[in-house]
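Numbered per this note's numbering, the sequence shown spans residues -9 to 407.
Every residue gets a Cβ at the ideal spot worked out from N, C-alpha and C, and that includes glycine.
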Amino acid sequence: MPPVWPLMLVALSPPNFYRDVLPILQTRCQQCHRPAEVAPMPLLTYRQVRPWAKAIREAVVLRKMPPWFAQPGFGPFSNDRSLSQHEIETVARWVDSGAPEGNPHDAPPAPHWVGGWNIHTPDLILQMPHPFPIPATGDVDYQYIVIPTGFTEDKWVEMAELRPSNRAIVHHAVVYIREPGSSWLPEAKPGIPYVPPGDTPRERLINGWTTSDILLVYSPGSLAENWGPAMGKLIKAGSDLVLQFHYTPNGHATSDQSQLGLVFHRATPKQRVITLQLGNDRFVIPPGDPHYRVAAWGTMPNDTELLSFFPHMHLRGASFEYNIIDPDGGRRTLLRVAPYNFHWQLSYRLAQPLPVKAGTKLECVAYFDNSRNNPNNPDPEEAVRFGPQSYEEMMIGFFDIAVPPGTGKDKFFVRPR
Ligand code: HEC
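Here it is as structure tokens:
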């Protein structure tokens, strides 16, 4: 009979890097912590990780890393990166026992990180024709850059990724699909950064408003889009892509020349994905109010499937939730993001599409903290209204739905009689 003590020894031996910690880093951290991605330092090798051991312990124990703000109990979400309690304890015990290296032979195979793109090799790469200069300081208006696709046939997009050349100053970017015949931004010249007319940032934002479908939203920490083999975004022949950028100066004059990579479906997918939004722009958040509620809601005009959520607020955002209220009154929360973190604008993707019937109400409820206890608050004395800059506020709940391939936004909103 074999002795039992070696088993106990295994159980009690401290975690080591190659066997216990590296697998966690590979699945939960390296997507951002590798060269040319959003995080400041790579965490690929023992030599890279060792100096950060203490900071890593703190970041995972306090759940600051990986960034994930959905309260537990909703979802499941396919892009949930949060660590299990067991994983947190493994990292903590590893650091507490001196961060031992272990044996390289115990390392799992290195994941295949393709340099650059996080999607398959793009079928098409579109680039801003000129670098956009960003001053060292001040506010930069939202810039709109029209990029004609030149497509002579309809294209179905399976994957899409926006890669800024300078991530430090891209606060967010939205890529819109402007279909032929659209009357949106008629004066914008292809490739030339354009700011809609208006005397105030708010007017310029409103004059840049569109109902065009969104291809993707980029923000620091966001993932590339991959709708999978059965779903895609439609770019009709002759469409333009319009890139809307919010650049935020960071003390150094610099520039950005973003690239957009697209992977196409070879045939029409089973479902089309469209991005919708519920928003409220009529609020006034009183000075000092720690818990100000703003809501928005709408009713599904047709049966559909919900795919993902993307809440958007600014520095006073405290929490954001999505609820559905069935035609028979049943109410259910699908996602609660709390605390909301302005620096991490994330999408939350349902692991399974959620079918919803026509007549179902979708409700977004946001809370804002305009008190001085909010460390991000630019000015607790201010009554805060809707506006594009970070010291103003926004309340938008984006969500993606799946519809039949022949249904666009217009058709989806035709209510059956
Ligand atoms: C979605 C991208 C992303 C993922 C995933 C991610 N990080 Fe980070 N991490 C960042 C960025 C960006 C920063 C720098 C900005 C900041 O601190 O918020 C950062 C900062 C850090 C820091 C420095 C924190 C400090 O206090 O200065 C540590 C340590 C860290 N990450 C560890 C991890 C570990 C460990 C994981 C996986 C368990 C992980 N990160 C997953 C993007 C990411």
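Cβ-based burial, residue i [other Cβ within 10 Å; buried from 16]
i     : result
L305  : buried
L(-1) : Because L(-1) sits at a pLDDT of 48, beneath the cut-off of 50, its placement in the model cannot be relied upon, and the following sentence gives the value as read from the coordinates. Exposed is the call here.
R326  : buried
W84   : buried
L(-3) : Summary for L(-3): the model assigns pLDDT 49, below 50, so the residue's position carries little reliability; its value from the coordinates is reported in the next sentence. Exposed, because fewer than 16 other Cβ atoms sit within 10 Å of the Cβ of L(-3).
M(-9) : The predicted model places M(-9) with a pLDDT of 49, which falls under 50 and marks its position as unreliable; any figure quoted below should be read in that light. Answer is exposed; the Cβ neighbour count stays below 16.
P154  : buried
V393  : buried
N93   : exposed
A26   : exposed
W58   : buried
G171  : exposed
K54   : exposed
Residue i Cβ short of 7 Å to the ligand HEC heavy atom set
i    : result
R71  : yes
V327 : no
P25  : no
V207 : no
A243 : no
P32  : no
P123 : no
E354 : A small correction: the amino acid at residue 354 is Cys; Glu does not occupy that position in the sequence shown. Not under cutoff, so the answer is no.
Q21  : yes
I14  : yes
I159 : no
G211 : yes
A49  : yes
W42  : yes
P98  : no
I391 : no
P45  : The sequence given here places Ala at residue 45; Pro does not occur at that position. It does: the Cβ of A45 is within 7 Å (strictly closer) of some heavy atom of the ligand HEC.
M149 : no
P56  : yes
R18  : yes
V28  : yes
Run of the alpha helix (DSSP H) containing residue i, from where it starts to where it stops
i    : result
E79  : 75 to 86
E408 : Outside the displayed range of the chain (-9 to 407) lies residue 408, so it cannot be described from this structure.
V39  : 36 to 39
T294 : No alpha helix (DSSP H) contains T294, which is instead part of the beta strand (DSSP E) from 294 to 302.
L15  : 12 to 18
P121 : No alpha helix (DSSP H) holds P121; DSSP gives it neither H nor E.
P191 : 191 to 197
Where the beta strand (DSSP E) containing residue i begins and where it ends
i    : result
E148 : 145 to 153
I167 : 160 to 168
Q117 : 114 to 117
N313 : 307 to 315
M290 : First-last for M290: undefined, no H or E at that position.
Beta carbon proximity, residue i to chain D, threshold 8 Å
i    : result
D390 : You won't find chain D in this structure, because it holds only one protein chain.
Length-filtered (4 minimum) alpha helix (DSSP H) runs lying within the region 235 to 288:
Considered as a whole, the region 235 to 288 harbours no complete run of any alpha helix (DSSP H) with no fewer than 4 residues.
How about the region 373 to 384 and the region 269 to 278: do they share at least three Cβ pairs that are nearer than 8 Å?
Between the region 373 to 384 and the region 269 to 278, the count of C-beta pairs closer than 8 Å reaches three or more; the two stretches touch.
At what residue ranges does the region 319 to 406 contain a whole run of the beta strand (DSSP E), taking only runs of 3 or more?
As far as the region 319 to 406 is concerned, its whole beta strand (DSSP E) runs of at least 3 residues are 321 to 327, 338 to 346, 351 to 358, 386 to 393.
State whether the region 75 to 92 contacts the region 316 to 323, with contact taken as three or more CB pairs (one from each stretch) at a distance under 8 Å.
Put simply, the region 75 to 92 does not touch the region 316 to 323. Fewer than three CB pairs are less than 8 Å apart.
How do the region 48 to 60 and the region 126 to 144 stand: do at least 3 beta-carbon pairs fall below 8 Å, yes or no?
Fewer than three pairs of CB atoms, one per stretch, sit closer than 8 Å, so the region 48 to 60 makes no contact with the region 126 to 144.
Cβ contact check for the region 144 to 154 and the region 104 to 115: 3 or more pairs under 8 Å
Yes, the region 144 to 154 touches the region 104 to 115.
With three or more beta-carbon pairs closer than 8 Å as the criterion, would you say the region 213 to 226 touches the region 251 to 267?
The count of Cβ pairs closer than 8 Å, one atom from the region 213 to 226 and one from the region 251 to 267, reaches three, so the stretches are in contact.
The region 330 to 345 / the region 95 to 104 touching (three or more Cβ pairs under 8 Å):
The answer is no - the region 95 to 104 does not touch the region 330 to 345, with fewer than three Cβ pairs under 8 Å.
Would the region 285 to 303 count as touching the region 352 to 365 if we require 3 or more Cβ pairs under 8 Å?
These segments touch.
Three CB pairs or more closer than 8 Å across the region 112 to 123 and the region 167 to 186
Because the criterion of three Cβ pairs below 8 Å is met, the region 112 to 123 and the region 167 to 186 touch.
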